[in-house]
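The numbering of the sequence shown is the working numbering, which starts it at 7 and goes up by one. Structure first, commentary second.
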Amino acid sequence: MKKIIVASILSGLAAVGPSLADQFRWPLDIEISPSSSFCESRGWRFHGGVDLRTRLTTGFPVKAPADGFVSRVKVQWRGFGYALYVDHPQLGVRSVYGHLDDFAGPVAAYVAEKLKKMKARYGIDDSFGPDRFPVKKGQVIAFTGETGLGPPHLHFELRRFNDDPISPSAVGLTVPDTIPPVFLSLHVDPLSPETRINGGFLPASVSIKRQKDGTWGWDGVPVLEGKSGFSVGLVDNGEGGNKFGVEHISMAINGKVLLRRSFNQYGYDENSQASWIYDYPRTSLPGAGYVYTMFRWPFETLRFSEGFAPWSGALGENPGSVEEMTIEAVDFGGNRIVAKGRVDTRGLRQAKNVFDGTLRFRRCHYTTYGVVAETVLADAKNTTGYTHVTCADASGGVAELPASFGPDGVVQVAFPNEERWAGGARCGGETILPQHVFVPVSGGTVAVDGARVVIPAGALNFPVLARLDIVDNAPRPGGSPKKGILPAKSPVWQFSPPWLVTAKPIRLEIDLKGLTASRRLGIYEASGNARSYSGGEGRESTMSVTSRCLRPCVVLEDAVPPVITVKPRRTVKRLGLCAVFGVEDTGEGVDYESARATVNGESVSPDSDPDKDEIYVPIGPGKSKKNVVLTVSDNAGNPRTLTSNR
7 MKKIIVASIL SGLAAVGPSL ADQFRWPLDI EISPSSSFCE SRGWRFHGGV
57 DLRTRLTTGF PVKAPADGFV SRVKVQWRGF GYALYVDHPQ LGVRSVYGHL
107 DDFAGPVAAY VAEKLKKMKA RYGIDDSFGP DRFPVKKGQV IAFTGETGLG
157 PPHLHFELRR FNDDPISPSA VGLTVPDTIP PVFLSLHVDP LSPETRINGG
207 FLPASVSIKR QKDGTWGWDG VPVLEGKSGF SVGLVDNGEG GNKFGVEHIS
257 MAINGKVLLR RSFNQYGYDE NSQASWIYDY PRTSLPGAGY VYTMFRWPFE
307 TLRFSEGFAP WSGALGENPG SVEEMTIEAV DFGGNRIVAK GRVDTRGLRQ
357 AKNVFDGTLR FRRCHYTTYG VVAETVLADA KNTTGYTHVT CADASGGVAE
407 LPASFGPDGV VQVAFPNEER WAGGARCGGE TILPQHVFVP VSGGTVAVDG
457 ARVVIPAGAL NFPVLARLDI VDNAPRPGGS PKKGILPAKS PVWQFSPPWL
507 VTAKPIRLEI DLKGLTASRR LGIYEASGNA RSYSGGEGRE STMSVTSRCL
557 RPCVVLEDAV PPVITVKPRR TVKRLGLCAV FGVEDTGEGV DYESARATVN
607 GESVSPDSDP DKDEIYVPIG PGKSKKNVVL TVSDNAGNPR TLTSNR
């Protein structure tokens, strides 16, 4: 199957001949050991290439994988750092190399001369035609490094000439890998407000385990009634211990494939759809691996699932039977794993039986298409056989809503995301659904005294019932006694539905209640006792932040300057002998570009590596100690100065 899929991909590449796999080679002569895979989840985007290990060091020759010419060279402080682009016209492919230590041959001379004329360390982004820097297959074009972002490694990327990334496997480059992926979890979500999963309206997770025969399976039989969608968590450990994604994944029922995804090509303008492929909330959790949705959202247009219609993979909408579901995954080394288990798509299908007693509200749960009110019985009335509950909306209109009666007296009532329920609902005289704000796909605002969330048009793929609540009126501060305390200047605000992933960013605005916005005030995500800086723009007495997935937020004040420590001096490439300083910040982060330094009273230009939390001050040759003064601020504008004899 894998060979058939790869052949199909190759046939779709314009201007690429049948002998393509013979014409490409890996760019390194050392062992090919990836630390990341093509198209794996990077939060809100896909990874456009593969990262190749370089034995935790720099300086290995990078060789052209095929004949071509250098079409672009970049030298920037962050991002790809030193980067090279090589076009291979005969093959219809562009190769990209990031985080290089240096270039080779005439390109290296060109860059060195231009930087010298610019009197700068960075700032080149030049393009060339085919006659300026031609290269041959196997020619040394650069050397591996750690410029830009990350530790020593080589970012290797292949693209079409429209800059759409393609997998190395699509040109015949196979990753050496004998370790198969492992399944971690299986999840099923309701895709309609009436959907029942195992009798309730909430998502369910199923334990998935390796069987004695090497396959995988799950205990029990999920019972589905109404449209439902599965997702599966897995990880490919690969060689060397890193966590990779897979190249192909599919789901079948009774041997019929309902959905297949092949991660071989995409466009950078499609990155915003990454969260429709990878379940963002679940993938964000520790130990979850990559959680792949095994159904196709109607708004997903990626080429990974070409030929499969919207909602392909969704189950349970029509009564079925106990069926065998198979999930198959193949990694980029060709290693295959299969999970099999039964799924009951018949559902309970009980005759409608309406409960008209009294329920008491406990809490709300949110699903994609509705709000589930968790309630408890107000009396000991027998509830055997009930399937619905009589509820009244805020105007007094009565409806019979689907309900799930648990043996412990807990009753789930399923409310659809409809405007009628924005004012809340009552059952037997008791409120069982608090007030919400109905937000259609055209957008809207959820406002309360002290904060509001602005949802623009195009952010929602479906309407929601939303709330904005204070979940902690006296939040703990951020920071630590060692590095400094960041006091809270607002309550902790929670937007619901929690973990809602939007197609466009939405904006949270927090009223500072008499304070004036400043650089020192920022919005921090509040997760338990942890605080992580999310950003924040200030305007008069309001702080705001945008996100595609709003988490609980609090305003903190950062009046704590960075901490500077002295490290042993060492020689840094392109800088010479340097005084080295460690720098950390407990709040908004270090502003590395603010760094200023003098050596024996003379101004010098420092450099930095944020990945190592280090600042480098060139001090010139010689063993004699020199007076070095370094000043650096954090992003809140708090400066710190350290004087040392280095």
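Where a beta carbon is used, it is the ideal one built from N, C-alpha and C, also for glycine. It should be emphasised that the depicted structure is a prediction, and the values quoted were computed from it without experimental measurement.
Close beta carbons around residue i, own chain, < 7 Å, minus the five adjacent residues each side
i: Arg368; result: Glu380, Thr381, Val382
i: Val586; result: Lys573, Pro574, Arg575, Arg576, Glu620, Tyr622
i: Tyr286; result: Val507, Cys555
i: Gln96; result: Asp73
i: Gly206; result: Ser410, Gln418
i: Ala114; result: Asp108
i: Phe86; result: Lys80, Gly104, His105, Gly154, His161
Buried or exposed (CB count within 10 angstroms, at least 16 for buried), residue i
i: Arg202; result: buried
i: Met549; result: buried
i: Pro503; result: buried
i: Ala21; result: Bear in mind that a pLDDT of 42 at Ala21, under 50, signals an unreliable position, so the number given afterwards is only what the model happens to contain. It counts as exposed.
i: Glu563; result: buried
i: Val295; result: The displayed chain sequence assigns Gly, not Val, to residue 295. Classification of Gly295: buried, given that the 10 Å Cβ count is 16 or more.
i: Leu291; result: exposed
i: Leu354; result: exposed
i: Val212; result: buried
i: Gln356; result: exposed
i: Thr649; result: exposed
i: Val477; result: exposed
i: Asp57; result: buried
i: Met124; result: exposed
i: Ser657; result: No information on residue 657 is available, as it lies outside the stretch 7 to 652 that the chain covers here.
i: Asn324; result: exposed
i: Ser41; result: buried
i: Phe468; result: exposed
i: Gly239; result: buried
i: Pro112; result: exposed
i: Gly490; result: buried
Contact check, residue i vs residue j, beta carbons under 8 Å
i: Cys555; j: Trp505; result: yes
i: Val589; j: Leu514; result: no
i: Phe421; j: Gly376; result: yes
i: Asp35; j: Lys69; result: yes
i: Gly322; j: Gly232; result: yes
i: Thr389; j: Lys358; result: no
i: Gly541; j: Leu527; result: no
i: Glu306; j: Gln271; result: no
i: Val419; j: Ile438; result: yes
i: Arg78; j: Ser39; result: no
i: Tyr530; j: Ser538; result: yes
i: Pro497; j: Asn479; result: yes
i: Asp137; j: Asn341; result: no
i: Val297; j: Ser256; result: no
i: Arg580; j: Arg84; result: no
i: Ser547; j: Thr522; result: yes
Three-state secondary structure assigned by DSSP to residue i
i: Ala210; result: strand
i: Thr289; result: helix
i: Ala472; result: strand
i: Ala315; result: coil
i: Gly261; result: coil
i: Asp73; result: coil
i: Phe587; result: strand
i: Trp282; result: helix
i: Asn467; result: coil
i: Trp222; result: strand
i: Arg652; result: coil
i: Asn277; result: helix
i: Ala176; result: helix
i: Gln29; result: helix
i: Glu231; result: strand
i: Phe236; result: strand
Neighbourhood of residue i by C-beta distance below 6 Å, restricted to the same chain and skipping five residues each side
i: Ser281; result: Val507
i: Val328; result: Arg348, Asp350
Same chain only: Cβ atoms within 8 Å of residue i, ignoring 5 sequence neighbours per side
i: Ala509; result: Ser278, Phe305, Gly464, Ala465, Leu466, Asn467, Arg554
i: Pro627; result: Gly582, Leu583
i: Val634; result: Ala585, Ala603, Thr604, Val605, Val623, Ile625, Thr649, Ser650, Asn651, Arg652
Would you list, in sequence order, the uninterrupted beta strand (DSSP E) runs of no fewer than 3 residues that lie entirely inside the stretch 341-423? 342-350, 365-373, 376-383, 394-399, 404-411, 416-422
Length-filtered (3 minimum) beta strand (DSSP E) runs lying within the stretch 474-506: 484-486, 490-492, 498-502
Give, in chain order, every unbroken run of the alpha helix (DSSP H) that is at least 4 residues long and sits entirely within the stretch 141-168. none
At what residue ranges does the stretch 61-129 contain a whole run of the beta strand (DSSP E), taking only runs of 3 or more? 67-69, 74-81, 88-94, 99-109
Ranges of the beta strand (DSSP E) found wholly within the stretch 502-556, counting only runs of at least 3: 512-517, 527-533, 536-541, 543-545, 548-553
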